[in-house]
Amino acid sequence: MGINVDFYLSLSTTINISTDCVVGQSIIIDNFENGLQPQWECEKFKGETQYNIVKTDNGHVLRAESKASASALIYKYKYDLKEYPTLTWRWKVENIIKKGDEMKKDADDYAARVCVIFPHWLPSLTKKITYFWGNKLPKGEHTQSPYYSRSIMVAVESGNENIGKWVVERRNVYDDFKMYFGEEPPQVGGIAIMTDTDNTGESAIAYYDDIKVEKP
12 MGINVDFYLS
22 LSTTINISTD
32 CVVGQSIIID
42 NFENGLQPQW
52 ECEKFKGETQ
62 YNIVKTDNGH
72 VLRAESKASA
82 SALIYKYKYD
92 LKEYPTLTWR
102 WKVENIIKKG
112 DEMKKDADDY
122 AARVCVIFPH
132 WLPSLTKKIT
142 YFWGNKLPKG
152 EHTQSPYYSR
162 SIMVAVESGN
172 ENIGKWVVER
182 RNVYDDFKMY
192 FGEEPPQVGG
202 IAIMTDTDNT
212 GESAIAYYDD
222 IKVEKP
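Sequential numbering of the sequence shown, starting at 12, is according to the working numbering.
Structure, rendered in structure tokens:
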């Protein structure tokens with residue numbers, strides 16, 4: 012039986028959220044040059060994905076390795092999506108999940124995903140947009156999480172085309188929220204990173220870097 016990761020991520024972001032004041036054109040969530048920022052918290056669901064800072068020719072990055080495991084790093088941070096609508100990051104994966112299937116609970120695994128979480132005091136009303144590296148869903152398409160109806164999954168990359176390459180992503184989360192949920196977005200409460208393979212029992216390695224949100 013799979014674990015409802017989407018719902019548990021929603022529960023985990025309803026408490027102890029940072030309210031730091033930020034001035035400037037962007038909020039740097041993390042570039043990992045000084046290690047892992049203290050705002051990151053690990054949420055374990057089944058086993059533990061290993062998240063470590065590693066040095067590359069272009070600086071330090073976050074490496075994630077999952078072996079039939081599921082755990083996430085959550086950066087709890089409140090900000091106004093109207094003020095900072097754009098989320099950017101870069102990532103690289105070494106493989107996709109062969110048995111992964113975005114439509115099935117027992118195959119709901121991803122080599123890499125970045126989630127924007129909109130907490131509600133009632134956890135079941137929390138909403139989430141997840142940008143992920145797709146297994147079967149084509150790039151540019153979206154679907155509802157098989158576990159959680161208020162979680163929208165967007166395949167910003169898919170398949171083997173860019174395996175082993177650094178890819179820069181840029182999303183207007185404000186526009187995405189209005190398009191997928193049909194309403195004005197509430198305040199963001201956190202951003203999560205997750206590499207998981209607990210349902211399929213496979214393994215995956217991914218790298219994340221330069222996560223930030225920007226003003227228009």
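Positions of the beta carbon are idealized from the N, C-alpha and C atoms, including for glycine.
Label residue i either buried or exposed according to how many other C-beta atoms from any shown protein chain fall within 10 Å of its C-beta, with 16 as the threshold for buried.
{"i": "residue 221", "result": "buried"}
{"i": "residue 179", "result": "exposed"}
{"i": "residue 141", "result": "buried"}
{"i": "residue 51", "result": "buried"}
{"i": "residue 80", "result": "buried"}
{"i": "residue 228", "result": "The requested residue 228 does not occur in the structure, where the chain is confined to residues 12 to 227."}
{"i": "residue 133", "result": "exposed"}
{"i": "residue 152", "result": "exposed"}
{"i": "residue 181", "result": "exposed"}
{"i": "residue 67", "result": "exposed"}
{"i": "residue 31", "result": "Confidence at residue 31 is low in this model, with a pLDDT of 47, below 50, so its placement is unreliable and no value can be given for it."}
{"i": "residue 187", "result": "buried"}
{"i": "residue 111", "result": "buried"}
{"i": "residue 113", "result": "buried"}
{"i": "residue 77", "result": "buried"}
{"i": "residue 148", "result": "buried"}
In the DSSP output, what is residue i paired with across the bridge?
{"i": "residue 219", "result": "73, 102"}
{"i": "residue 239", "result": "No answer is possible for residue 239: it lies beyond the span of the chain, which begins at 12 and ends at 227."}
{"i": "residue 153", "result": "165"}
{"i": "residue 202", "result": "86, 127"}
{"i": "residue 258", "result": "The shown model of the chain, from 12 to 227, leaves out residue 258, and the question about it has no answer."}
{"i": "residue 57", "result": "81"}
{"i": "residue 184", "result": "Answer is none; residue 184 lacks a bridge partner."}
Could you give the DSSP three-state label for residue i: helix, strand or coil?
{"i": "residue 190", "result": "helix"}
{"i": "residue 227", "result": "coil"}
{"i": "residue 210", "result": "coil"}
{"i": "residue 62", "result": "strand"}
{"i": "residue 87", "result": "strand"}
{"i": "residue 51", "result": "strand"}
{"i": "residue 160", "result": "coil"}
{"i": "residue 38", "result": "strand"}
{"i": "residue 32", "result": "Confidence at residue 32 is low in this model, with a pLDDT of 41, below 50, so its placement is unreliable and no value can be given for it."}
Measuring alpha carbon to alpha carbon, tell me which residue in the options is nearest residue i.
{"i": "residue 201", "options": "36, 57, 87, 64", "result": "87"}
{"i": "residue 214", "options": "151, 132, 122", "result": "122"}
{"i": "residue 71", "options": "82, 77, 95, 44", "result": "44"}
{"i": "residue 92", "options": "209, 194, 206", "result": "194"}
{"i": "residue 126", "options": "104, 103, 63, 99", "result": "99"}
{"i": "residue 74", "options": "177, 158, 171, 64", "result": "64"}
{"i": "residue 146", "options": "94, 219, 105", "result": "105"}
{"i": "residue 165", "options": "114, 175, 37, 150", "result": "150"}
{"i": "residue 129", "options": "76, 210, 207, 199", "result": "199"}
{"i": "residue 190", "options": "135, 163, 169", "result": "163"}
{"i": "residue 85", "options": "41, 101, 78", "result": "41"}
{"i": "residue 184", "options": "176, 167, 118, 113", "result": "167"}
{"i": "residue 118", "options": "218, 227, 157", "result": "157"}
{"i": "residue 97", "options": "48, 36, 216", "result": "36"}
{"i": "residue 192", "options": "207, 160, 59", "result": "160"}
{"i": "residue 115", "options": "107, 210, 216", "result": "210"}
{"i": "residue 206", "options": "124, 47, 48, 56", "result": "124"}
Within the segment 96-150, note down every full beta strand (DSSP E) run reaching 3 residues or more, in order along the chain.
97-104, 121-129, 138-145
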